[in-house]
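The structure appears below as structure tokens.
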Amino acid sequence: MTRAELTVLVDNRAGFGCVEEHGYALWIDAGGRRILLDTGQGPALAENARTLGVDLGQTDILALSHGHYDHTGAVPLVLSSAPQARLYCHSGVTEPRYSIREGAARDIRMPMASMRALNALAVDRLRWSVEPVPLGGGIGLSGFIPRRTDFEDTGGPFYFDPLGHRPDPINDDQSLWIATDKGLVVCTGCCHAGLINTLMHLREVTGEERIRAVIGGLHLGTASAERLESTARALRDMRVGLLVPCHCTGEAAAAWLADHLDCEVHTGYSGFRLDTADL
Ligand SMILES: [Fe+2]
Ligand SMILES: [Fe+2]
């Protein structure tokens with residue numbers, strides 16, 4: 009089974025001399041194969057990689073969990089420093105997108121420089137992951153995650169247009185899975201598809217019922233009490249063993265989950281490491 013060493017490179021919280029940034033990036037070293045899931049907004053990635061002894065030039069696969077700016081800002085840096093890296097993402101990552109609060113629209117799409125880098129990629133370096141994609145060695149991407157639960161949503165006021173006429177279901181949201189002998193380790197970006205939708209889908213895609221650990225952003229900052237309770241109930245039913253809420257989970261939601269789950273819960277931060285051999 010796959011052994012993978014995971015290092016959070018960018019997060020809203022920082023440890024081990026790293027800088028913090030609203031964003032997320034996770035480095036996965038799986039038997040010498042290096043996968044970077046997301047890049048943060050840009051500035052923190054290279055600095056934290058240096059601090060943590062990670063060579064971004066060794067990236068074999070850059071996977072984007074979705075197209076928001078706080079996950080895609082360092083795409084040009086990664087693609088130029090790792091000429092061998094292939095990029096995996098959903099074809100919807102470059103859509104225009106906005107967050108609208110109190111009538112004010114904020115542009116949260118992928119930065120132009122990242123879109124240009126994506127468009128300039130040679131065809132053999134770009135793989136669309138609309139469907140589930142095996143990456144080999146017991147690792148894969150979820151592709152589009154069907155929305156099945158009645159208690160989950162994207163977690164925010166997200167739209168394709170600045171006037172708020174067209175809600176953005178963030179269909180490009182995807183997660184990465186690693187098969188271990190104790191079950192799946194699931195790596196999310198923002199998890200706009202909903203954590204339980206994501207886990208249900210990955211169980212089906214992989215045929216593995218056991219979820220050993222979940223690490224990543226869960227976007228539960230605006231979650232209702234009902235949603236949190238239903239999420240906790242489903243996580244208990246699935247016997248998830250370890251939860252590492254990162255990035256956009258929301259401090260209150262992460263604390264609530266720590267109180268209401270019977271599994272281990274450790275809030276993540278830049279520099280947080282997880283070796284699947286220790287699970
Ligand atoms: Fe995010
Ligand atoms: Fe997001």
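Residues in the sequence shown are numbered consecutively from 9, following this note's numbering. Ideal Cβ placement from N, Cα and C applies to all residues, glycine included. Predicted model only: the values in this text are computed from it and were never measured.
Ends of the alpha helix (DSSP H) at residue i?
i, result
"T206", "203 to 214"
"D78", "77 to 80"
"L171", "No alpha helix (DSSP H) contains L171, which DSSP labels as neither H nor E."
Sort out for me which residues DSSP pairs residue i with in a bridge.
i, result
"R247", "According to DSSP, R247 bridges with nothing at all."
"D267", "DSSP output for D267 lists no bridge partner at all."
"V252", "I223"
"P142", "G148"
"D115", "Y106"
"S278", "A22"
"V273", "L251"
Can residue i be considered in contact with ligand 1, in the sense that its beta carbon sits closer than 7 Å to one or more heavy atoms?
i, result
"H255", "yes"
"G225", "yes"
"H274", "no"
"H79", "yes"
Ligand 2 and residue i: does the residue's C-beta get closer than 7 Å to at least one heavy atom of that ligand?
i, result
"M30", "For the sequence presented, residue 30 should be read as His rather than Met. No, the beta carbon of H30 sits no closer than 7 Å to any heavy atom of ligand 2."
"H76", "yes"
"C198", "yes"
At what residues does the beta strand (DSSP E) containing residue i begin and finish?
i, result
"S226", "The question names Ser, but residue 226 is Leu in the sequence shown. Looking at the DSSP string, L226 is not in any beta strand (DSSP E), and its letter there is neither H nor E."
"A187", "184 to 188"
"L14", "13 to 18"
"R281", "281 to 283"
"L192", "191 to 195"
"R124", "From DSSP, R124 is part of no beta strand (DSSP E) but of the alpha helix (DSSP H) over 120 to 127."
"L134", "134 to 136"
Would you decide whether residue i is buried or exposed? Buried here means 16 or more other CB atoms lie within 10 Å of its CB.
i, result
"G163", "buried"
"H227", "buried"
"P142", "exposed"
"D176", "buried"
"H79", "buried"
"F24", "exposed"
"L83", "According to the sequence as given, residue 83 is Val; it is not Leu. Buried."
"R235", "buried"
"H76", "buried"
"M120", "exposed"
"Q92", "exposed"
"S232", "exposed"
"A112", "exposed"
"M118", "buried"
"G215", "exposed"
"R220", "buried"
"V131", "exposed"
"R42", "buried"
"D181", "buried"
"L203", "buried"
"G100", "buried"
"R281", "exposed"
"P253", "buried"
"S171", "Correcting the residue identity first, residue 171 is Leu in this sequence and not Ser. The residue in question, L171, is exposed, as its Cβ has fewer than 16 Cβ neighbours within 10 Å."
"N179", "buried"
"H173", "exposed"
"D46", "buried"
Does any heavy atom of ligand 4 sit closer than 7 Å to the C-beta of residue i?
i, result
"V138", "Ligands in the displayed structure: ligand 1 and ligand 2; ligand 4 is not one of them."
Extract the residue ranges of the beta strand (DSSP E) inside the region 28 to 113, only unbroken runs of 3 or more that lie entirely within it. 33 to 38, 41 to 45, 69 to 71, 94 to 97, 106 to 109
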